[in-house]
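Okay, so here's the structure we're looking at.
Number of protein chains: 4
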Amino acid sequence: MDKRLFDEMIATRRHLHTMPEEGWTEFETTYFIVKRLREIGYETVLAGKDIIDPASVRGRSEELVNAAVERALGNGVPAEFIEACGRYTGAAAILKTGRPGPVTALRFDIDCVCVQETDDPEHAPNKLGFRSGRKGLMHACGHDGHTSVGLAVARDLFEHRDALCGTIKLIFQPAEEGVRGAVAIVGSGILDDVDIILGSHVGGKCKLGHVGLVHGGVLASTKLDIYFEGVPSHAGNAPEKGKSALMAACATAMMMAGIPRHGEGASRVAVGKLIAGEGRNVVPAHAYIQTEVRGETAAVNDFMVKNVEQIVAGNALAYGVQSRIVVAGEATTIIECPEILDIVREIARDVPGVEAIDELSTPAGSEDFTMMLKRVVEHGGRGGMFRWGCNHHGHHKRDFELQDTESMPVGFEVFSRFVRRVNRCEG
Amino acid sequence: MDKRLFDEMIATRRHLHTMPEEGWTEFETTYFIVKRLREIGYETVLAGKDIIDPASVRGRSEELVNAAVERALGNGVPAEFIEACGRYTGAAAILKTGRPGPVTALRFDIDCVCVQETDDPEHAPNKLGFRSGRKGLMHACGHDGHTSVGLAVARDLFEHRDALCGTIKLIFQPAEEGVRGAVAIVGSGILDDVDIILGSHVGGKCKLGHVGLVHGGVLASTKLDIYFEGVPSHAGNAPEKGKSALMAACATAMMMAGIPRHGEGASRVAVGKLIAGEGRNVVPAHAYIQTEVRGETAAVNDFMVKNVEQIVAGNALAYGVQSRIVVAGEATTIIECPEILDIVREIARDVPGVEAIDELSTPAGSEDFTMMLKRVVEHGGRGGMFRWGCNHHGHHKRDFELQDTESMPVGFEVFSRFVRRVNRCEG
Amino acid sequence: MDKRLFDEMIATRRHLHTMPEEGWTEFETTYFIVKRLREIGYETVLAGKDIIDPASVRGRSEELVNAAVERALGNGVPAEFIEACGRYTGAAAILKTGRPGPVTALRFDIDCVCVQETDDPEHAPNKLGFRSGRKGLMHACGHDGHTSVGLAVARDLFEHRDALCGTIKLIFQPAEEGVRGAVAIVGSGILDDVDIILGSHVGGKCKLGHVGLVHGGVLASTKLDIYFEGVPSHAGNAPEKGKSALMAACATAMMMAGIPRHGEGASRVAVGKLIAGEGRNVVPAHAYIQTEVRGETAAVNDFMVKNVEQIVAGNALAYGVQSRIVVAGEATTIIECPEILDIVREIARDVPGVEAIDELSTPAGSEDFTMMLKRVVEHGGRGGMFRWGCNHHGHHKRDFELQDTESMPVGFEVFSRFVRRVNRCEG
Amino acid sequence: MDKRLFDEMIATRRHLHTMPEEGWTEFETTYFIVKRLREIGYETVLAGKDIIDPASVRGRSEELVNAAVERALGNGVPAEFIEACGRYTGAAAILKTGRPGPVTALRFDIDCVCVQETDDPEHAPNKLGFRSGRKGLMHACGHDGHTSVGLAVARDLFEHRDALCGTIKLIFQPAEEGVRGAVAIVGSGILDDVDIILGSHVGGKCKLGHVGLVHGGVLASTKLDIYFEGVPSHAGNAPEKGKSALMAACATAMMMAGIPRHGEGASRVAVGKLIAGEGRNVVPAHAYIQTEVRGETAAVNDFMVKNVEQIVAGNALAYGVQSRIVVAGEATTIIECPEILDIVREIARDVPGVEAIDELSTPAGSEDFTMMLKRVVEHGGRGGMFRWGCNHHGHHKRDFELQDTESMPVGFEVFSRFVRRVNRCEG
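Residue numbers (my numbering), protein chains in the order written: chain A, 1 to 427; chain B, 428 to 854; chain C, 855 to 1281; chain D, 1282 to 1708.
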């Protein structure tokens, strides 16, 4: 790729690495993206509530958002910008060529994870001086790279817009971690006219020099927060007057673990956290469970969710307490569109530095891009997802590293060449 | 007491001891009672459905009834009698003096327990040749004595009817074991005009030579049968298609044990039996729990019942199965009417052979006479319960024995003198 | 195949169909097999304890065995025969050619299932007059066909013994249902010198005209009977003195359902039956759980078994009760020996009536032939399993049918030709 | 009482009210007490480790202690004092008269509770300017009054020491809340030569103008902290590698609720808090339960504790996790010594302002003075406990108030006159 673009892309990534923001708090990142897109020349730049359906927002903490707004304001993000975003994050640029052609969307995710970056002096961000400036937050999943690739693709396509037809939508999604943000973007309607969508993720099982085509192996998953509210009472004097939210939660945890296996595919259920009770001698009035289920197919995942719902309702009834379930994240399985993967395969073979193509279908976590892909396919479109390799030590690890100069150009090239191919101006 | 009456009473008791019948199957016993009452001269003799409200019948097994009907027919009970009884058991005689006075009811219970009588040659029924002729059935709680005392009282009162005023109702109750029969008698309405009711039980903590006045200590109790019906499926191939009644039952058992203690009195919960499942490799479609709860007060017992109901409904919901609860027995606490106990105390002091009066209030099981007493008190009447002593080895034991010649006259005297006192013809 | 052999094979199958015997009670069947093998001319015929290691017997009910012995004696099986068998079932014939060559074993299983045969007049055994003569028992899994094919193969090989080298062991295994019998045969040592072993099963997913080669899909499984023994007490008077076996069993059931999923393959756990308690008002002293676990790999199955063991021990400790686990059946996964399957494939192609070869690897229940195969492979041998097709309505169904005249010759031919190939006398 | 003593007592109480310290952190209070005792003239003044057995300390948080030490140092408590106390709190003064006579101990407890004092301007401490100066901490159980009464008694007895015989031990106990401190004082041996011990508590059901004699009604109780440590793993990728501390805790909570009722007295079990897990998608490695049990008798309480221990051990085994139980508090029932209560009754009748004597025996929480009393009685001594009334709005409430000028003199007089009576110098 062009050296000017390359230099900017790497510098952008390293800058973003210093200022990680977790899901739904990416105000500085969003502002950075919006400024860059406008500087490139995009006329239609959307941010926050323009591309976010509040009713579909998952796993957003008002408390964290408030703190992040304070920080962003302190770091120079204009109050009017945040206001205009409706206190939501994420951005999109739309390039209308004016020529008939497909509507193509690209997805880039922008949030970080809650990990403390290593102090190891050999770790590239330490060595080269761009380590995270925020305690307990780190781009340890490579989304700084995703965002930077997206901005480089944005500039590249804009500069070559005369060779393109149709419409290109560049979507910078918030809150991919915990699979929380994609549904809100789907809910905004921005994908409803999209013909082709392409998403990606760096790394995973895909090593440096490889491009991976995602045929399957993405587990459907639903993240759930469960709340029970009981009635407190003095456990010594009047135990019969209490309704224990703690007991309802414990029974729920035991029953959730016991949801039957499914004959049509692997399932998972994780009761990750349980917090209940106010004091040693008080019948507990509050309990909270943080959980997630997964399924090899959407049907298996739905089976798990439905069982959790029944169990929660049943225990609320059995223990005489109130219950509430909040969906904190959602992802489905990948829908395979072979014609799109065929295009990516062809393109990838020609990208400099690509030595092998991996056909990926073994289970590898969950990804909420699947929700976007599903919407596009439901409306008659097609899409796909690829990986571009890097030799990391493990995602979400304190020493995760991108090898940016080697890995990011591959991501850039696949995205850029894909759009130039499917939106090529035939004239 | 009169020697003629005494001899008949003892002979009756020993005869009944040879032919024990468990709750709701007392066809031969009922027929025996009815014949005797008619022979004495009672004009109004009621049996079976005349004093039994079918809707209030608890814990009656159609299967056991069918077998008992066969046996009774074989032993000479006329088919028309059983038909007239509507296949229900129990009897009553009503003595109307024609003179104004109170309506007084006496309760005598007639069923046996499922215990195999001992082979010990020293055991009185073995020694004297009146052991139970029925395998696994025995009058090991003394109801043969109760019935015989009742019949002796019936003859005594009838013979002295000219000295009585008001009305006397002699009630021979079926199915006291498991506290199943009293509610059906209450439901028939026969107690609705009763002013005074007196019940009794031999033994318990009351030793030979003592009469006990029951001030309290009778636990309220509800016996419940719980049924779950699930959906079977092949547990290996399609576990997700099954709905396990077994799991719902197990969760129910665990939650029932965990019903909170009550600050206002002792409670009990017993999960006595659980039977679930059809085969090793089939998701269980059926489960059955046999349980009972108790409470030091009716309110505590109600709290327990309500919790069981909620738990069963909650687990049905949680596991997606059907549930059903059947009340198999009911008793409440004793309502204390001091004026009645005062009368019994006075009378008892004068009864030959009575050396001491016990004032009883420590917990001593459940008794469904409490349901009759409750109804009488609700309608403005009063009542009470007493014990007449005997030195047994423990109720429901294989070697339980009444010491009939010594203990039964005391029971007879208290009942007889009580009626002669409260229904004395003032003229 | 030879018409004489064919006629005998079909007649044998139909005769066996009339006299089904469940696992470990196959005394009449064993006697029938032994008589036939001797009549054919085999000198070494083993039965019962000669091929059964008592310590490895799984899931054998002394009570059922006693009843079966009575029946067998009544049906003419000599008492000395049963005595000589040590009251165990199963048989084997050994053909020693006297010429150097491999030791080859064939497995035929002989037990029936507990299913009541349909009354449908169109059902072949009804139509042709060979329906099961035993209520609640039926050859609804085709083992009557297996046994008959085995006896036909026995005659065929014996008649052609001059063309064979090495040793042939024909093993008639009891108690395959519930995967109970194979381990006992393994334990006897009869397989320890075997170089090649071949087993089969009719039907499954294999349709008439097909032969299936079993590459995988057989789940490892362990059947477990769990017993808890507690301490009884009066649940109303002294609940603290009891130790509830019922509660320990219920907690065990709930925890077993909650054994974690395994990341390396499918698992199953079925709590099929739970029977606990003696009476409504007695703290339950006895509880019994009938269960099974399965795993896509032996390691996954072992993980499940180990968890069950821990859960049972833990609940015994928590509830202060005694526990006991009895292994009631065992099977492992298939070990694939491609060279053996290659031979079967080649042979099968030439068998008259075979239109297609199925390569089977999708999950299809458990089979304890796997335990025999495992032992042979552990000792350096090889082996395999095939299916011969039939168009049944489902195994263990009341109308299961073999279509014997069409399906059985295929089974016969594959076995017979296999031995003639691997034990061909080269001279 | 003497006006000088009265003024000092009230001023002391109001000063202590401004500086509440919770259990095991009472460094400033202890220093205050020690200084006062020395100023009065006591030669033997013990503090911290001199009267505390570290091995018997219950429910002490090193973290809270560290923070309290910092605060105390900041507020002028000398570092050497804290060091000399071994970082433990509590104090005692010993008055040896040199004349033969009984060893008499008085108990005064000094810690506060974690309650935020009300802002109501009518609340006496607000109105009169002595409200708690510490957020979330308040003397809302009256121990400021206990301590001040103790110091007034100390001065009074010292000033009248010539009229006394024997030895008097004035014990200022830390950490009574949560029944944590008494066992450590018992462990120090300071009570081993005590002949007579007297303790007290203000308020409860005892109204202003009443003195209450505690005959019974104090429940034995054990406070337990339960810890489970499991093995974390990725709940999606390798659930089988994790050992869930959360599940062990949930099963423990359910089983604890289900500990059988006790036939010989009321019991309680409260699972007040449960905190488990690290993240949504990680098998939880840590779990914590805060619980307490109670019993109407020490035997019933022991039954509960033993069951909890078995349940915890059983679930650790079942789930393959480590467990640890820490006793966080202990109290037993009151041992009644009628001769001591008789003395208090006699004295109290003569105390100005006392209008009635309450004979208390209904259940009223737990109190660790019972552990001291038990030790004294075990060594052949006797003792008792009384209440002096006040009209509060409820202990541990934000507006609890002592009505110090009216209620405290009663407490003072009973203690002072009691010692002057039992340790009267007969000469």
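Backbone N, C-alpha and C fix where the C-beta goes; we use that ideal spot for every residue, glycine too.
Is there a Cβ of chain D sitting closer than 8 Å to that of residue i, yes or no?
i: A:C85; result: no
i: B:A684; result: yes
i: A:R58; result: no
In the DSSP assignment, what residue or residues form a beta bridge with residue i?
i: D:C1393; result: D:E1303
i: B:H661; result: B:V709
i: C:G1053; result: C:M1239
i: B:V754; result: B:L651
i: A:A67; result: None; A:A67 has no bridge partner.
i: C:K1127; result: B:G704, C:Q1144
i: C:L1067; result: C:E1213, C:F1240
Which residues in the same chain have their Cβ closer than 7 Å to the Cβ of residue i, if we skip the five residues on either side of it in sequence?
i: B:F433; result: P836
i: A:V344; result: L213, G384, F386, V414, F418
i: D:I1628; result: V1695, R1698, F1699, R1702
i: C:P1028; result: G877, W878, E880, T943, G944, I964, D965, G1035
i: D:A1405; result: E1682
i: B:S615; result: I478, I479, D480
Considering residue i, what are the terminal residues of the alpha helix (DSSP H) in which it resides?
i: A:M385; result: Run containing A:M385: none in the alpha helix (DSSP H); it sits in the beta strand (DSSP E), 382-388.
i: D:F1308; result: 1308-1321
i: B:L875; result: Residue 875 of chain B cannot be examined here, being either before or after the span of chain B that is shown, 428 to 854.
i: A:I343; result: 338-350
Could you check where the beta strand (DSSP E) with residue i kicks off and where it finishes?
i: D:E1573; result: 1567-1576
i: A:E401; result: No beta strand (DSSP E) contains A:E401, which DSSP labels as neither H nor E.
i: D:I1332; result: Taken as a continuous stretch (DSSP letters only), D:I1332 belongs to no beta strand (DSSP E), as it is neither H nor E.
i: D:I1540; result: D:I1540 -> no beta strand (DSSP E), and no H or E assigned at all.
i: D:K1377; result: 1372-1377
Per DSSP, what kind of secondary structure is residue i in: helix, strand or coil?
i: D:E1659; result: helix
i: D:F1453; result: strand
i: D:S1525; result: coil
With a cut-off of 8 Å, does the C-beta of residue i fall near any C-beta of chain B?
i: C:I1194; result: no
i: D:A1281; result: Any answer about residue 1281 of chain D is impossible in this case: the structure gives chain D only from 1282 up to 1708.
i: D:A1599; result: no
Using a Cβ-Cβ distance cut-off of 8 Å, determine whether residue i contacts chain C.
i: D:E1521; result: yes
i: B:T718; result: yes
i: B:N742; result: no
With a cut-off of 8 Å, does the C-beta of residue i fall near any C-beta of chain A?
i: D:V1581; result: no
Residues in its own chain within less than 6 Å of residue i by CB, not counting five upstream and five downstream?
i: D:V1658; result: I1616
i: D:N1596; result: A1529, A1532, T1533
For residue i, which residues of its own chain have a beta-carbon under 8 Å away from its beta-carbon, when the five flanking residues on both sides are left out?
i: C:E1209; result: G1063, H1064
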